[in-house]
Each structure stands twice: as C-alpha cells, then as structure tokens.
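Engineer: If you want my numbering, it's the 1-based position in the sequence shown plus 148. Take a look at this one; I'll ask things after.
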Amino acid sequence: MFQNRTFRYTMFGLLYFAQGSILSYFTALNALYLLSRGRTMSDAGIFAGIALLPFVLKIFLGMLSDKVNLLGRGHRKPYIIIGVLTQATCLFIAPFIDPGTQLELFALLAFILMTGMALYDTCTDGLALDTTPVEDEGTVQGIMVGGRALAVVVTSAAIGFVAQMGSWTLVFWGLGVITLLPLAMVVFVREPQRRPEQSFQWAGFRALGRRHVLALALLGALYSLIINGANEIVNPFLEHEYGIDLIAAGFYTSVWGAGVVVGGLTGGRLTDRIGHRRAILGAIVVSIVAITALSLIVSPLLAWPLVFVFGLAFGYYETAYFATSMEFTDPRIAASMFAVLMACANIGVGLGLFAGGMMADAIGYRWTFVVIAALNVLALPLLPVIFRRRSAS
149 MFQNRTFRYT
159 MFGLLYFAQG
169 SILSYFTALN
179 ALYLLSRGRT
189 MSDAGIFAGI
199 ALLPFVLKIF
209 LGMLSDKVNL
219 LGRGHRKPYI
229 IIGVLTQATC
239 LFIAPFIDPG
249 TQLELFALLA
259 FILMTGMALY
269 DTCTDGLALD
279 TTPVEDEGTV
289 QGIMVGGRAL
299 AVVVTSAAIG
309 FVAQMGSWTL
319 VFWGLGVITL
329 LPLAMVVFVR
339 EPQRRPEQSF
349 QWAGFRALGR
359 RHVLALALLG
369 ALYSLIINGA
379 NEIVNPFLEH
389 EYGIDLIAAG
399 FYTSVWGAGV
409 VVGGLTGGRL
419 TDRIGHRRAI
429 LGAIVVSIVA
439 ITALSLIVSP
449 LLAWPLVFVF
459 GLAFGYYETA
469 YFATSMEFTD
479 PRIAASMFAV
489 LMACANIGVG
499 LGLFAGGMMA
509 DAIGYRWTFV
519 VIAALNVLAL
529 PLLPVIFRRR
539 SAS
C-alpha cells in the first residue's frame, strides 16, 4: 500500500523543491552568470534552449517508466533515484568548466543535468498520476508548483548573495546538496500495485491524436513560451535599467517565487473548485495584466509588488495547465501522455527563453514584455476546442 497522503504530498513537494532550485538558476540567474563570463543575452538564450532540450524528449522517458519495471524495483522509484543522482553529480562538476571559454562543454553538462531532471520529473509525475484521486488533481499540482517555487524563495536570495561574493563554486555545490534532499523519502517509498487499467498498452497513444488533446498541447507550448520568456528577462531588465547587483537579483527572484507559491497553492484549490476551463481563462487574463505591468516598472521600488504579481500569475497558470493535463491523461500510458503534454510546454520554455533574449537585444526589454503579454490572446481560440465535450470541467 502506498504511504499516506501527507507522506506522498511531502515527497512530491521535496522533489519539486529540488527541481525548482535548479530551474530558478537556469531561468533567472544563469543569464547573469554567463554575462559575468563575457557572454551576451543571445548566448544565454541559445544556451538555455540547448540545456532544456531533454524536457522536450520526456515522452521517451515516460514510455520507459510506463513499460519497464526496472530490475523489479518499480516503474517510478528507481528512475527517480537515478535522475536525482545524475543532477547532483553534474552540479558538483559544474564549477570546473568555464562557460567563458568552454561554452559548448558547459552546455553539454547542462544537457546531461537536465536529462537527469527530466527523468525524475517524468517519473514523479507518473507516480502522482498513479496515486492521485481526480478530486485532488488541482491540489497535488498546486503542491508541486508551490514546492518548486518555494525553492526559488529559499535559494535565490542565497544564490545571489554567494555569487555576489564571487563564489559560483559554492552556488553549484549548494544546489547539488539541495538536489539530494528528497532521496531519503524516495528510498523508503513503496509503489502501489498497478491496477489492470494502468497496464501499459500501445493503444493508449491514440488519445494523443484527438483534437482536444492536440489543442491542449498547443496551449501548453504557448503559455510556457509566454511566462518563461518574460521571466528570463526580468533580472537583466532591472540590471540594465537600474543597475541592480546579484544580491538584489536574488531577492527579486525570491519575491517572484513567493508569488508563484501563492499562485500555485491557491490556483490548485481554485481549479478543483471552479473547473479547468474557468481556471485557464482566468490564468490568461491574469497573465496579460501581470506581464504588461512589468513593462511599466519605473523604479526598483515599484518592481517589488509587480514582480510578486507576475509570480502569482506564473504559478496560477502552471497549476491550471498541469491539473487539466492530468484530467486528460490516459491511465494506460499515464507518464508517457503526461510527458508529451509537459514536453510541449517545455518546447515553449526553450522557445520563450530563446525569443526573450533575442527580442530584448533587438527591441529592448519594455517592448519585449508588451509583445509577450499580447501573445496570450492566441490561447483564446484553443479553449472551445479543448473543452468542447467537457463543459462541466
């Protein structure tokens, strides 16, 4: 029998906490690290796109987990352990590679690191899909999104402070230690016995060709492009306009993370309460307002509340999309199908980070925020397709 609800939710939260610590670095502070080594925002955008490629390939990791009980130890647990250890190892190696002169090698290491993350992320999602009742889908996704964002709150300011003191080595090694935190719970987890309807069947992949699933996947890529493209350029924008240092950048990222925690936790409960369609429509509206507001920042003081509101929009949007994806997932290919939907979202991450950096260099930060916010309207025609037979959702 699977452990109780508290154990399960705590483990999921810790795994996403470990993931969030790394993603906060890559999406908010990596650009500053590369700039400090003589690279450009365009380099940072290209690097981010390469580093995040494994998340596009999550479908194959999901298929592996759904189909193969590794050494008889389970469909999820052993893969989670391997992924966590891979991520930690890469972080301990990272300080020995200088991106200023070895950007390609640093990108390769980041690619391997993100492959480990994609593996344990996919299998954590699979375990959640295997064990979460329908009525708790929004709540569990809120905890995951909140756990990942809480890592931003806890680690970003510390990372910024340590980096400002000139010790990026301690930054990477500290992230490596954080990565190892969930292992104690994962080692002792007991996977539930798989029910007959959860047995892997190739026929389950037919669901991926349905119009509402394709529209949901497209929404995933679009929303992710929008919120991650905006997030990448917040700290460089504040550095360019107001000369903030790495310590301030870390604190701004922590405030953003606090917003994501609030948006994730409240968004999860709200999604369970009002339904997926209304939740996503609300997320679109909040995203437009929050990202447009970033372009109106006229002082470092005003940035604090607006960055928090943007974080809230980020967490709310992610939670609503993830919970909706859980509802649409076929249990026969749970991790595989959810991985496809997340891979589409991660295509959006890569495109958003690439486009955000390129547009910031080409048209300036403020206009980039405006353009990214406007892209939200492209999501509206997708909603009738996604929910055409799910009006009750």
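Don't be surprised by glycine CBs; every beta carbon is placed ideally from N, CA and C. Owing to the predicted nature of the structure, the values given are computational and were not obtained by experimental measurement.
1. Is the Cβ-Cβ distance between M159 and P202 less than 9 Å?
2. Quick one: residues in its chain with C-beta nearer than 6 Å to the C-beta of P529, no 5 flanking neighbours on either side, listed in chain order?
3. Taking a contact to mean a Cβ-Cβ separation below 9 Å, would you say H360 touches F535 in this structure?
4. Please give the ranges of any alpha helix (DSSP H) in the segment 491-537, keeping only runs that are unbroken, at least 4 residues long and fully inside the region.
5. From which residue to which residue does the alpha helix (DSSP H) around S372 run?
6. Using the Cα positions of A521 and F462, report the straight-line distance between them to the nearest angstrom.
7. Quick check on F254: buried or exposed, where buried means 16 or more other Cβ atoms within 10 Å of its Cβ?
8. Give the secondary structure of M474 by DSSP, where H, G and I count as helix, E and B as strand, and everything else as coil.
9. Once DSSP output is grouped into helix, strand and coil, what is the label at Q123?
10. Quick check: L531 and I428, are their CB atoms within less than 9 Å of each other?
11. Rounding to the nearest angstrom, what Cα-Cα distance links T419 and T303 in this structure?
12. So, helix, strand or coil for D284, using DSSP?
13. Leaving out five residues on either side along the sequence, give the residues of the same chain with a beta carbon under 8 Å from the beta carbon of G295.
14. Between G220 and chain D, is there a C-beta pair that is closer than 9 Å?
15. In chain order, what residues of the same chain lie with their CB nearer than 8 Å to the CB of A369, ignoring the 5 residues before and after it?
16. Taking a contact to mean a Cβ-Cβ separation below 9 Å, would you say P247 touches L200 in this structure?
17. Name the residue from R153, L177 and A527 whose alpha carbon lies nearest to the alpha carbon of A363.
18. Whole angstroms are fine: how far does the CA of G423 sit from the CA of R417?
19. Starting from P202, follow the alpha helix (DSSP H) in both directions and report where the run begins and ends.
20. Give a yes or no on contact between the segment 504-511 and the segment 378-388, applying the rule of three or more CB pairs nearer than 8 Å.
21. For Q235, does the three-state DSSP call read helix, strand or coil?
22. Which word fits I511, buried or exposed, when buried means at least 16 other C-beta atoms lie within 10 angstroms of its C-beta?
23. What separation, rounded to the nearest whole angstrom, lies between the Cα atoms of D509 and L180?
24. Could you give the distance in angstroms between the alpha-carbon of V525 and the alpha-carbon of L489?
25. From P350 to I481, what does the alpha carbon distance come to, in whole angstroms?
26. Quick one: residues in its chain with C-beta nearer than 6 Å to the C-beta of G271, no 5 flanking neighbours on either side, listed in chain order?
27. Ends of the alpha helix (DSSP H) at G222?
28. Going by beta carbon distance, what residues of the same chain come within less than 6 Å of M485, once the five residues before and after it are set aside?
29. What does the Cβ neighbour count give for V408, buried or exposed, with the cut at 16 atoms within 10 Å?
30. Indicate whether G322 and W404 have their beta-carbon atoms separated by less than 9 Å.
31. With DSSP as the reference, label L162 as helix, strand or coil.
32. Check R354 in the structure and name its three-state DSSP category.
33. In whole angstroms, give me the CA-to-CA distance for V337 and L277.
34. Taking C-beta to C-beta, are Q235 and G264 nearer than 9 Å?
35. Excluding the five sequence neighbours on either side, which residues of its own chain have a C-beta within less than 6 Å of the C-beta of R156, listed in chain order?
36. As a quick exercise: from Q250, G220 and F259, pick the residue whose alpha carbon is nearest that of G231.
Structural biologist: Put simply:
1. With contacts defined by Cβ atoms closer than 9 Å, M159 and P202 do not form a contacting pair.
2. none
3. yes
4. 513-522 and 530-534
5. R359 to E380
6. 12 Å
7. buried
8. Look at M474 here: in three-state DSSP terms it is helix.
9. Residue 123 lies beyond the stretch modelled for the chain, which goes from 149 to 541, so this question has no answer here.
10. Cβ atoms of L531 and I428: closer than 9 Å.
11. 28 Å
12. helix
13. F160, G161, L162, L163, Y164, F165 and G168
14. In the structure shown, chain D does not exist; there is a single protein chain.
15. Here the set comprises C492, A493, I495, G496 and L499.
16. no
17. Of the listed residues, the one whose Cα sits closest to A363 is A527.
18. 10 Å
19. L201 to V204
20. The segment 504-511 is in contact with the segment 378-388.
21. helix
22. exposed
23. 15 Å
24. Here the alpha carbons of L489 and V525 stand approximately 20 Å from one another.
25. Here residue 350 turns out to be Trp, not Pro, going by the sequence shown. Going from the Cα of W350 to the Cα of I481 covers about 8 Å.
26. The question names Gly, but residue 271 in the sequence shown is Cys. Within the same chain, C271 has close Cβ partners S213, R224, Y227 and I228.
27. Where G222 is concerned, there is no enclosing alpha helix (DSSP H), given that its DSSP letter is neither H nor E.
28. T477 and D478
29. V408 should be labelled buried.
30. no
31. helix
32. helix
33. 16 Å
34. Yes, the pair counts as a contact, with Cβ atoms nearer than the cut-off.
35. Closer than 6 Å at the Cβ level, and outside the excluded window around R156, lies no residue.
36. Nearest of Q250, G220 and F259 to G231, Cα basis: F259.
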